[in-house]
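Chains as they are written, first to last, in the UniProt record's numbering: chain Z, 1 to 211; chain D, 1 to 211.
Data block below; observations after.
Number of protein chains: 2
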Amino acid sequence: MIAQDAPGQTTPGQDERYREKMRKRKAAQDLEVASKTIEKGLLIVHTGRGKGKSTAAFGLLLRALGHNWRVGVVQFIKGAWSTGERDVLEARFADLVSWHTMGEGFTWETQDRARDVAAAEAAWAKAKALLDDPGIKLVILDELNVALRYDYVPIDDVVATLMQRRPGLHVVVTGRNAPPALIEAADLVTEMTPVKHHFEAGVKAQAGIEF
Amino acid sequence: MIAQDAPGQTTPGQDERYREKMRKRKAAQDLEVASKTIEKGLLIVHTGRGKGKSTAAFGLLLRALGHNWRVGVVQFIKGAWSTGERDVLEARFADLVSWHTMGEGFTWETQDRARDVAAAEAAWAKAKALLDDPGIKLVILDELNVALRYDYVPIDDVVATLMQRRPGLHVVVTGRNAPPALIEAADLVTEMTPVKHHFEAGVKAQAGIEF
Chain Z
1 MIAQDAPGQT TPGQDERYRE KMRKRKAAQD LEVASKTIEK GLLIVHTGRG KGKSTAAFGL
61 LLRALGHNWR VGVVQFIKGA WSTGERDVLE ARFADLVSWH TMGEGFTWET QDRARDVAAA
121 EAAWAKAKAL LDDPGIKLVI LDELNVALRY DYVPIDDVVA TLMQRRPGLH VVVTGRNAPP
181 ALIEAADLVT EMTPVKHHFE AGVKAQAGIE F
Chain D
1 MIAQDAPGQT TPGQDERYRE KMRKRKAAQD LEVASKTIEK GLLIVHTGRG KGKSTAAFGL
61 LLRALGHNWR VGVVQFIKGA WSTGERDVLE ARFADLVSWH TMGEGFTWET QDRARDVAAA
121 EAAWAKAKAL LDDPGIKLVI LDELNVALRY DYVPIDDVVA TLMQRRPGLH VVVTGRNAPP
181 ALIEAADLVT EMTPVKHHFE AGVKAQAGIE F
């Protein structure tokens, strides 16, 4: 029987090797942690074709609530339907969360460019107001990348405004196809990549998972 | 001046092309949506070296709370420190969230394989109890992939147990290096890929972002 196949059972030699390996790893890790000293508000971008871009932003929002932060959310595209996260935040955290669903639904639902542009411009004006609110510590600009891709709002203004934000303010921008200028300006960029998707197996969008 | 550079301004021709493009896109989208008819509890895996794996799981948890679901969480590795999400859920959603932080910290902190294995086995026993609880609709097994990678719990038992779960029960497994057998069994797998990380620029782990 190979030792690795027997969880819970360790030999003295295996145990010592494990301890030595982890001791080295801890030393490296401690050095690594000690080398990071800067505190700053981060510009965070979640992009890519995979799921989890908005969901991870709302996970950060939940974490922020645990620190009693005030948080602002602007949704640039979504709008036509209710979501679980919005419902629970409006019902239970209205004191901490300023939530603005400004989109009119997916771009292919409205089929009217002038209307889409007007909605995105109103969303961006709301975003600027939240960025200027000194009581807010985290601003989520959900699907802003989509509005940028369709040129609904000007990328130069967005990047300049985000770069000039208050020190300490964290901002999360989500959506596919993050523009290069935004990635360049960001502190943390994660790409969500689909490996396998249940829609391809005929499973529909379900409450609690997709909305 | 190029029309695309002028958000908010559209010419009649551009507007018509836009409408036509979006009309086609909506038709394709409607067909696509109509073709998905299956409802089922999903086995979801968040893996990869990037950030957002656990955070997206907790974003799903927030969404689930909006649908008034009961949710179970087992943390296999993390444990030694408090996090914002845990604090707020224990304070405000104790009725809906059954939260179990069973790890003893990162593996390189304990430096004791037998202790790590014992902690992971206890976590897996707790996970099985949550999977068997008919009132729970979502179970998050945070960092289970790490416990699988170090052989703290047997992959065969984990995959068999997850495959045999109640219909309708959603499960999210997080952590780097998801094993191939788990990916094979899953309905939805997303890889979080780091594009840019603020730790590399000397920024430290900060409240509200990392914990």
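Yeah, the Cβ is synthetic: ideal placement off N, Cα and C, and Gly gets one too.
Identify, in the order they occur along the chain, each residue of the same chain with its Cβ nearer than 7 Å to the Cβ of residue i, setting aside the five sequence neighbours on each side.
| i | result |
| --- | --- |
| D:VAL159 | ALA181, LEU182, ALA185 |
| Z:GLU85 | PHE58 |
| D:THR161 | LYS128, LEU131 |
| Z:LYS196 | none |
| D:VAL153 | ALA120, GLU121, TRP124, ALA147 |
| D:GLY52 | MET192 |
Beta-carbon separation of residue i and residue j under 8 Å?
| i | j | result |
| --- | --- | --- |
| D:ASP151 | D:LYS78 | no |
| D:GLY202 | Z:ILE155 | no |
| D:GLY103 | D:LEU144 | no |
| residue 256 of chain Z | Z:ALA91 | Past the edges of chain Z, shown from 1 to 211, lies residue 256 of chain Z, and the structure says nothing about it. |
| D:GLY208 | Z:TRP69 | yes |
| D:ARG115 | Z:TYR18 | no |
| Z:VAL139 | Z:ILE44 | no |
| Z:VAL88 | D:LEU60 | no |
How would you label residue i, buried or exposed, when you count the other beta carbons within 10 angstroms and need 16 or more for buried?
| i | result |
| --- | --- |
| D:PRO134 | exposed |
| Z:ALA94 | exposed |
| Z:VAL33 | exposed |
| Z:MET163 | exposed |
| Z:SER82 | exposed |
| Z:ASP15 | exposed |
| D:PHE30 | According to the sequence as given, residue 30 of chain D is Asp; it is not Phe. D:ASP30 comes out exposed. |
| residue 212 of chain Z | Lying outside 1 to 211, the shown extent of chain Z, residue 212 of chain Z is not represented and no answer is given. |
| D:MET1 | Low confidence applies here, because D:MET1 scores a pLDDT of 35, under 50, leaving its location unreliable; read the following figure in that light. It counts as exposed. |
| Z:THR11 | exposed |
| Z:ARG23 | exposed |
| D:ALA27 | exposed |
| D:SER35 | exposed |
| D:ALA123 | buried |
| D:ALA125 | exposed |
| D:ASP5 | With a pLDDT of 42 at D:ASP5, under the threshold of 50, the modelled position of this residue cannot be trusted; read the value that follows with caution. By the neighbour-count rule (16 or more Cβ atoms within 10 Å), D:ASP5 is not buried but exposed. |
| Z:ALA56 | buried |
| Z:ALA3 | Because the pLDDT at Z:ALA3 is just 40, under 50, the model does not fix this residue reliably, and the point stays unresolved. |
| Z:GLU20 | exposed |
Please go through the same chain and pick out, in chain order, the residues whose beta-carbon is closer than 8 Å to the beta-carbon of residue i, but skip the five residues on each side of it.
| i | result |
| --- | --- |
| D:ARG149 | GLY175, ARG176, ASN177, PRO179 |
| Z:LEU65 | VAL71, PHE93, LEU96, VAL97 |
| D:LYS40 | PRO167, GLY168, ASP187 |
| Z:PHE211 | TRP81, SER82, THR83, GLY84, ALA205 |
Across which residues does DSSP place residue i in a beta bridge pair?
| i | result |
| --- | --- |
| Z:GLY72 | Z:SER98, Z:VAL139 |
| D:MET192 | Z:MET192 |
| D:THR174 | D:HIS46 |
| Z:ILE38 | D:VAL203 |
Got a sec? Which residues, its chain only, sit under 6 Å from residue i by beta carbon, not counting five neighbours each side?
| i | result |
| --- | --- |
| Z:LEU42 | HIS170, ASP187, LEU188 |
| D:GLU191 | THR47, GLY48 |
| D:THR101 | GLN75, GLY79 |
| Z:PRO194 | ARG49, GLY50 |
| Z:SER54 | ASP142, THR174 |
| Z:PHE199 | none |
> If contact means a Cβ-Cβ distance below 8 Å, which residues of the segment 123-143 of chain D contact chain Z?
Replying inline: For the segment 123-143 of chain D, which is checked against every Cβ of chain Z, the residues closer than 8 Å are LYS137, LEU138.
> What residues in the segment 46-74 of chain D bring their beta carbon closer than 9 Å to a beta carbon of chain Z?
Replying inline: Residues HIS46, THR47, GLY48, GLY50, LYS51, GLY52, LYS53, SER54, THR55, ALA56, ALA57, PHE58, GLY59, LEU60, LEU61, LEU62, ARG63, ALA64, LEU65, GLY66, HIS67, ASN68, TRP69.
> Can you list, in chain order, the residues of the segment 177-193 of chain D whose Cβ is nearer than 8 Å to any Cβ on chain Z?
Replying inline: Those residues of the segment 177-193 of chain D placed with their C-beta closer than 8 Å to a C-beta in chain Z are ILE183, ALA186, ASP187, LEU188, VAL189, THR190, GLU191, MET192, THR193, ordered along the chain.
>> Beta carbons nearer than 8 Å to chain D: which residues of the segment 9-25 of chain Z have them?
In response: So the list reads THR10, GLN14, ASP15, TYR18, ARG19, MET22, ARG23, ARG25, given in the order they occur along the chain.
> Using a Cβ cut-off of 8 Å, which residues of the segment 157-174 of chain Z contact any Cβ in chain D, in chain order?
Replying inline: For the segment 157-174 of chain Z, residues whose beta-carbon sits nearer than 8 Å to a beta-carbon of chain D comprise HIS170.
> Got a sec: which bits of the segment 110-121 of chain D sit with their beta carbon under 9 Å from any beta carbon on chain Z, in order along the chain?
Replying inline: Of all residues in the segment 110-121 of chain D, THR110, GLN111, ASP112, ARG113, ALA114, ASP116, VAL117, ALA118, ALA120, GLU121 have a Cβ within less than 9 Å of some Cβ in chain Z.
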